[in-house]
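Peer 1:
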Amino acid sequence: AALYRIDSWGVPYFSVNDSGNIAVRPHGVSTSAHQEIDLLKVVKKVSDPKSVGGLGLQVPLIVRFPDMLKNRLESLQSAFESAVQAQGYGSHYQGVYPVKCNQDRFVVEDIVKFGSPFRFGLEAGSKPELLLAMNCLCKGNPEALLVCNGFKDSEYISLALLARKLALNTVIVLEQEEEVNLVIEISKKLSVRPVIGLRAKLRTKHSGHFGSTSGEKGKFGLTTNQILSVVKELHGSGMLDCLQLLHFHIGSQIPSTALLQDGVGEAAQIYSELVRLGANMKVIDIGGGLGIDYDGSKSGNSDLSVSYGLEEYASAVVNAIRVVCDKKSIKHPIICSESGRAIVSHHSVLIFEAMGAAAPTIPAVNQINIPFIMESLSEDARADYWNLSDAAMRHDNETCLFYADKLKQRCVEQFKEGTLGIEQLGAVDALFDLVMKMIGGSDPVRTYLVNLSIFTSIPDFWSIGQIFPIVPIHRLDEKPAVKGVLSDLTCDSDGKIDKFIGGQTSLPLHELDGGSAAGGGAKGRYYLGMFLGGAYQEALGGVHNLFGGPSVVTVLQSDGPQSFAVTRAMPGTSCGDVLRAMQHEPELMFDTIKHRAQEFCIFDAAALSGSIARTFHNMPYLELASSCSLTALNNGGF
Ligand code: PLP
57 AALYRIDSWG VPYFSVNDSG NIAVRPHGVS TSAHQEIDLL KVVKKVSDPK SVGGLGLQVP
117 LIVRFPDMLK NRLESLQSAF ESAVQAQGYG SHYQGVYPVK CNQDRFVVED IVKFGSPFRF
177 GLEAGSKPEL LLAMNCLCKG NPEALLVCNG FKDSEYISLA LLARKLALNT VIVLEQEEEV
237 NLVIEISKKL SVRPVIGLRA KLRTKHSGHF GSTSGEKGKF GLTTNQILSV VKELHGSGML
297 DCLQLLHFHI GSQIPSTALL QDGVGEAAQI YSELVRLGAN MKVIDIGGGL GIDYDGSKSG
357 NSDLSVSYGL EEYASAVVNA IRVVCDKKSI KHPIICSESG RAIVSHHSVL IFEAMGAAAP
417 TIPAVNQINI PFIMESLSED ARADYWNLSD AAMRHDNETC LFYADKLKQR CVEQFKEGTL
477 GIEQLGAVDA LFDLVMKMIG GSDPVRTYLV NLSIFTSIPD FWSIGQIFPI VPIHRLDEKP
537 AVKGVLSDLT CDSDGKIDKF IGGQTSLPLH ELDGGSAAGG GAKGRYYLGM FLGGAYQEAL
597 GGVHNLFGGP SVVTVLQSDG PQSFAVTRAM PGTSCGDVLR AMQHEPELMF DTIKHRAQEF
657 CIFDAAALSG SIARTFHNMP YLELASSCSL TALNNGGF
């Protein structure tokens, strides 16, 4: 566990159990091992069609733990409630979940359900997000806020106004100055009294990757002068009382509470000025930014880590607002936040399988035919060989390395010139590997091939270098013997993970085949988990090389002997589905191929078509032995 820092980033949800497997505590606490879920057992149950109740789902697989969503929401709520109470704050906290972080229907529905007792709402940033938020909040707490952010046209504004007519507590947050005229005009037309917010462009700047949102040159929000003209416009239309919320967002992964307090303090000043100018201010919405400590270092000095926990975050926010409002003798506003990453990151684990690890086979000394190599070597290359040999006798490792390297380079040059055969070049490579092994000169890092697309499932790693904890989910009681990097299935050199938490450029990994049956007989299979990736990854992922989304299962803690129950299971995107996403028509494609089969393979056309139909139905990932997709059982065509 220490090798992978599970004790840091995993607290309180993940640890290692006595079997050496990842143990999950979805509620964040456990009074006995019985209450922990063995992640390997979940994977085996859902992927193995032969296990009792096994579903035969293909991996890669996302395992969702809704109990963790509940725990995150309740922890955030109680952090704010404690801060409010401790500081004698005169109002309350009422958060919203920004659906962009993970729009999965069941994730959003669960958040609305779990957050309902404390009026937790939703934030939308586009028309489809607003539609889904409206639908979900119909079953939520009527006081829950529906915050409408993002750039808006008349259709978006009309929809948000209709939501208000449907008695959803909707706030239209002005992102651009022009939006105010549309809101005034359409609300009059629809006879709806809107609740309006405005997004301020703060001067406070967060310098990390996610900070480009903030500062005077940030992409979003209204400048000081634009705020003043919006106030004037609303006043002129007799609608200044509709302006009730001030929003800002400094950026995701705010590294420290010092920066947070700076930004919130600046926003609180704007809030109090809006009160002075006559707006009917009620809510300060501090946006997202509550960070995740991906590497568990609590260092706060990169996008990988933040130096505070929920309590410190809440306390800093409440304090910054209270101090400004008290100085200006202003009623304390309701505090809203739009934390996404901090709510959904933990609840889903991406499971994928390592299938092969390319390791050089290092020959024994007597297996290398030196005279055969020497035959075609140039004078210089021969001299390098003898120098290498002398250095080896003297156990002079540094000189060995020098001449081995030189010899190899010269041989490659000779090969390119056509004066060295491929067998001799192969023998020189083997000699080089042997020398490296003998002098301990290299600590070879192996490339593990993983049944995954990084572009689809970990897009932030590829696009912005975001690092997530990646850990084998079993065999953690065995010392890993190898260091590896991970290479995915896509035909793209960027489809590779070679950076890990703790600044590591390789991951400690186990040998693929020699492993014990630790972890309940998982011998032969090697499962890795990518943790803390529940935010953004699913929505941002594409279909590069037409690898689609993973299978998804939902797991609840239960009192049964296995301590878990699988409550929902969805096979991943099939080959047919990804083709359809690119405007191909799988049914027509299948017909075309079937007719061709009837034309060219008269005797086995049916079997051939059945086999092709199966490929359309299955996921694009490699189908490894003993796991067969549910859909693979269907061979009847479309
Ligand atoms: N609110 C707004 C306006 C955002 O742009 C974002 C994300 O960038 C969020 C909320 C969510 O931020 P986070 O995931 O850091 O909580």
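To convert, count from 1 in the sequence shown and add 56; that's full-length UniProt numbering. The beta carbon of each residue, even a glycine, is placed where N, CA and C say it ideally should be.
Could you tell me the distance, in whole angstroms, from the CA atom of alanine 625 to the CA atom of glutamate 137?
Peer 2: To locate residue 625, count along the sequence shown from 1; it is residue 569. To locate residue 137, count along the sequence shown from 1; it is residue 81. So the alpha carbons of these two residues sit roughly 36 angstroms apart.
Peer 1: Taking the alpha carbon of glutamate 233 as the point to measure from, which residue in Asp351, Lys387, Ser285 and Ala219 has its own alpha carbon closest?
Peer 2: Looking up residue 233 in the sequence shown gives position 177. That would be Ser285, whose Cα lies nearest to the Cα of glutamate 233.
Peer 1: Work out the CA separation of proline 82 and glutamine 465 for me, nearest whole Å.
Peer 2: Counting from one through the sequence shown, the residue named residue 465 turns up at place 409. Counting from one through the sequence shown, the residue named residue 82 turns up at place 26. Cα-Cα distance, rounded: 55 angstroms.
Peer 1: Checking 7 angstroms against the spacing of the C-beta atoms, do phenylalanine 408 and leucine 508 come in under that value?
Peer 2: Indexing the sequence shown from 1 puts residue 408 at position 352. Indexing the sequence shown from 1 puts residue 508 at position 452. Yes; because the gap between Cβ atoms is below 7 angstroms, this pair is in contact.
Peer 1: Considering only C-alpha positions, which residue in the set Val634, Ser358 and Val400 is nearest to asparagine 127?
Peer 2: Locating residue 127 in the sequence shown gives position 71, where the first residue counts as 1. Comparing Cα-Cα distances from asparagine 127 to each of Val634, Ser358 and Val400, the minimum goes to Val400.
Peer 1: Compute the Euclidean distance between the alpha carbons of residue 744 and asparagine 336, then round it to the nearest angstrom.
Peer 2: Only positions 57 to 694 of the chain appear in this structure, which leaves residue 744 out of reach.
Peer 1: Buried or exposed, going by whether 16 or more other CB atoms sit within 10 Å of the CB of threonine 546?
Peer 2: Here residue 546 is taken as the residue at index 490 of the sequence shown, counted from 1. With 16 or more Cβ atoms within 10 Å of its Cβ, threonine 546 is classed as buried.
Peer 1: In three-state terms, what does DSSP make of serine 75?
Peer 2: Mapped onto the sequence shown, residue 75 falls at position 19. DSSP places serine 75 in coil when its eight states are reduced to three.
Peer 1: To the nearest whole angstrom, what separates the beta carbons of leucine 202 and isoleucine 529, a pair I think is in contact under 8 angstroms?
Peer 2: Reading the sequence shown from its first residue, position 146 is the one you call residue 202. Reading the sequence shown from its first residue, position 473 is the one you call residue 529. Not really, about 38 angstroms apart at Cβ, beyond 8 angstroms.
Peer 1: Is the beta carbon of serine 107 closer than 7 angstroms to that of lysine 97?
Peer 2: For the purposes of this step, residue 97 is identified with residue 41 of the sequence shown, where counting begins at 1. For the purposes of this step, residue 107 is identified with residue 51 of the sequence shown, where counting begins at 1. Contact check for lysine 97 against serine 107 fails: the beta carbons are separated by 7 angstroms or more.
Peer 1: Considering only the beta carbon of each residue, do alanine 591 and cysteine 157 sit closer than 7 angstroms?
Peer 2: By one-based count along the sequence shown, residue 591 stands at place 535. By one-based count along the sequence shown, residue 157 stands at place 101. Yes.
Peer 1: Excluding five sequence neighbours on each side, which residues of the same chain lie with their C-beta closer than 7 angstroms to the C-beta of serine 182?
Peer 2: In the sequence shown, the residue the question calls residue 182 occupies position 126. So the qualifying residues of the chain are Gly206.
Peer 1: Look at the alpha carbon of glycine 352 and the alpha carbon of histidine 403, and state the distance between them as a whole number of angstroms.
Peer 2: Here residue 352 corresponds to residue number 296 of the sequence shown, with the count starting at 1. Here residue 403 corresponds to residue number 347 of the sequence shown, with the count starting at 1. Taking the straight line from one Cα to the other gives about 17 angstroms.
Peer 1: Hey, how far is the Cα of threonine 260 from the Cα of glycine 277?
Peer 2: What you label residue 260 is simply residue 204 of the sequence shown in a count that begins at 1. What you label residue 277 is simply residue 221 of the sequence shown in a count that begins at 1. Spanning the two alpha carbons is a distance of roughly 13 angstroms.
Peer 1: According to DSSP, which residues form a beta bridge with leucine 490?
Peer 2: Translated into positions along the sequence shown, residue 490 becomes position 434. Answer is none; leucine 490 lacks a bridge partner.
Peer 1: Does the beta-carbon of arginine 397, which I'm using as the reference point, lie nearer than 6 angstroms to any heavy atom of the ligand PLP?
Peer 2: Within the sequence shown, numbered from 1, the residue matching residue 397 stands at position 341. Within the cutoff, so yes.
Peer 1: Buried or exposed: where does lysine 650 fall if 16 or more other Cβ atoms within 10 Å of its Cβ makes it buried?
Peer 2: The count along the sequence shown starts at 1 and reaches residue 650 at position 594. That one is buried.
Peer 1: Buried or exposed: where does methionine 675 fall if 16 or more other Cβ atoms within 10 Å of its Cβ makes it buried?
Peer 2: Locating residue 675 in the sequence shown gives position 619, where the first residue counts as 1. Under this definition methionine 675 is a buried residue.
Peer 1: Using the Cβ count rule (16 or more neighbours within 10 Å means buried), how would you classify tryptophan 442?
Peer 2: Position 386 of the sequence shown, counted from the start, is the residue given in the question as residue 442. Exposed, because fewer than 16 other Cβ atoms sit within 10 Å of the Cβ of tryptophan 442.
Peer 1: What residue range does the alpha helix (DSSP H) around phenylalanine 646 cover?
Peer 2: Taking the sequence shown and counting its residues from 1, the one referred to as residue 646 is at position 590. Its alpha helix (DSSP H) spans residues 642-656.
Peer 1: Would isoleucine 213 and histidine 262 qualify as a contact pair, given that the criterion is a beta-carbon distance under 7 angstroms?
Peer 2: Counted from its first residue, the sequence shown places residue 213 at position 157. Counted from its first residue, the sequence shown places residue 262 at position 206. In this structure, histidine 262 does not lie closer than 7 angstroms to isoleucine 213 by Cβ.
Peer 1: What residue does the beta strand (DSSP E) around aspartate 341 start on, and which one ends it?
Peer 2: Indexing the sequence shown from 1 puts residue 341 at position 285. Per DSSP, aspartate 341 belongs to the beta strand (DSSP E) from 339-341.
Peer 1: Measure how close the beta-carbons of leucine 366 and serine 147 come, nearest whole angstrom, since I'm counting them as under 8 angstroms.
Peer 2: In the sequence shown, residue 366 corresponds to position 310, counting from 1. In the sequence shown, residue 147 corresponds to position 91, counting from 1. Wrong, their Cβ atoms sit about 19 angstroms apart, outside the cutoff.
Peer 1: Using the Cα positions of valine 394 and isoleucine 514, report the straight-line distance between them to the nearest angstrom.
Peer 2: Translated into positions along the sequence shown, residue 394 becomes position 338. Translated into positions along the sequence shown, residue 514 becomes position 458. Here residue 394 is glutamate; the residue named in the question, valine, does not match the sequence. About 23 angstroms.
Peer 1: Between the alpha carbons of phenylalanine 517 and valine 80, how many angstroms are there, rounded?
Peer 2: Here residue 517 refers to the residue found at position 461 when the sequence shown is read from its first residue. Here residue 80 refers to the residue found at position 24 when the sequence shown is read from its first residue. Distance between the alpha carbons of phenylalanine 517 and valine 80 is about 24 angstroms.
Peer 1: Rounding to the nearest angstrom, what Cα-Cα distance links valine 608 and glutamine 593 in this structure?
Peer 2: Residue 608 sits at position 552 when you count from the first residue of the sequence shown. Residue 593 sits at position 537 when you count from the first residue of the sequence shown. Cα to Cα, valine 608 sits roughly 14 angstroms from glutamine 593.
Peer 1: Any C-beta of chain D sitting closer than 7 angstroms to the C-beta of aspartate 104?
Peer 2: No chain D is part of this structure, which consists of one protein chain only.
Peer 1: Below 6 angstroms, is the gap between the Cβ of asparagine 158 and the nearest heavy atom of the ligand PLP?
Peer 2: Walking along the sequence shown from the start, residue 158 turns up at place 102. No; taking the cut-off as 6 angstroms, the Cβ of asparagine 158 has no heavy atom of the ligand PLP nearer than that.
Peer 1: Got a sec: does the ligand PLP put a non-hydrogen atom nearer than 6 angstroms to the Cβ of proline 154?
Peer 2: On the sequence shown, residue 154 is found 98 positions in, with the first residue counted as 1. For the ligand PLP, at least one heavy atom lies less than 6 angstroms from the Cβ of proline 154.
Peer 1: For proline 627 and phenylalanine 428, I'd like the C-alpha separation in whole angstroms.
Peer 2: Counting from 1 along the sequence shown, the entry for residue 627 is found at position 571. Counting from 1 along the sequence shown, the entry for residue 428 is found at position 372. Approximately 55 angstroms, taken between the alpha carbons.
Peer 1: Does the Cβ of serine 665 have 16 or more other Cβ atoms within 10 Å, making it buried, or fewer, making it exposed?
Peer 2: For the purposes of this step, residue 665 is taken as the residue at position 609 of the sequence shown. Looking at its Cβ environment, which holds 16 or more other Cβ atoms inside 10 Å, serine 665 is buried.
Peer 1: List the residues that DSSP assigns as beta-bridge partners of cysteine 392.
Peer 2: Reading the sequence shown from its first residue, position 336 is the one you call residue 392. The partner list for cysteine 392 (beta bridge, DSSP) reads Asp341.
Peer 1: Apart from the five residues just before and just after proline 250, which ones in its own chain have a Cβ nearer than 7 angstroms to its Cβ?
Peer 2: Within the sequence shown, the letter at position 194 stands for residue 250. For proline 250, where only same-chain residues beyond five positions count, the Cβ hits under 7 angstroms are Leu217, Arg220, Ile228, Val239, Ser243 and Cys298.
Peer 1: If distances are taken between C-alpha atoms only, which option among Lys288, Gln613, Gln639 and Val115 comes closest to methionine 124?
Peer 2: Within the sequence shown, numbered from 1, the residue matching residue 124 stands at position 68. When each option's Cα is compared against that of methionine 124, the closest is Gln613.
Peer 1: Suppose you measure from the CA of tyrosine 364 to the CA of alanine 637; what does that come to, to the nearest Å?
Peer 2: On the sequence shown, position 308 is the one that residue 364 refers to. On the sequence shown, position 581 is the one that residue 637 refers to. The straight-line gap from Cα to Cα measures roughly 42 angstroms.
Peer 1: For glutamine 317 versus alanine 372, is the C-beta spacing smaller than 7 angstroms?
Peer 2: Reading the sequence shown from its first residue, position 261 is the one you call residue 317. Reading the sequence shown from its first residue, position 316 is the one you call residue 372. Cβ distance < 7 angstroms, so glutamine 317 and alanine 372 count as in contact.
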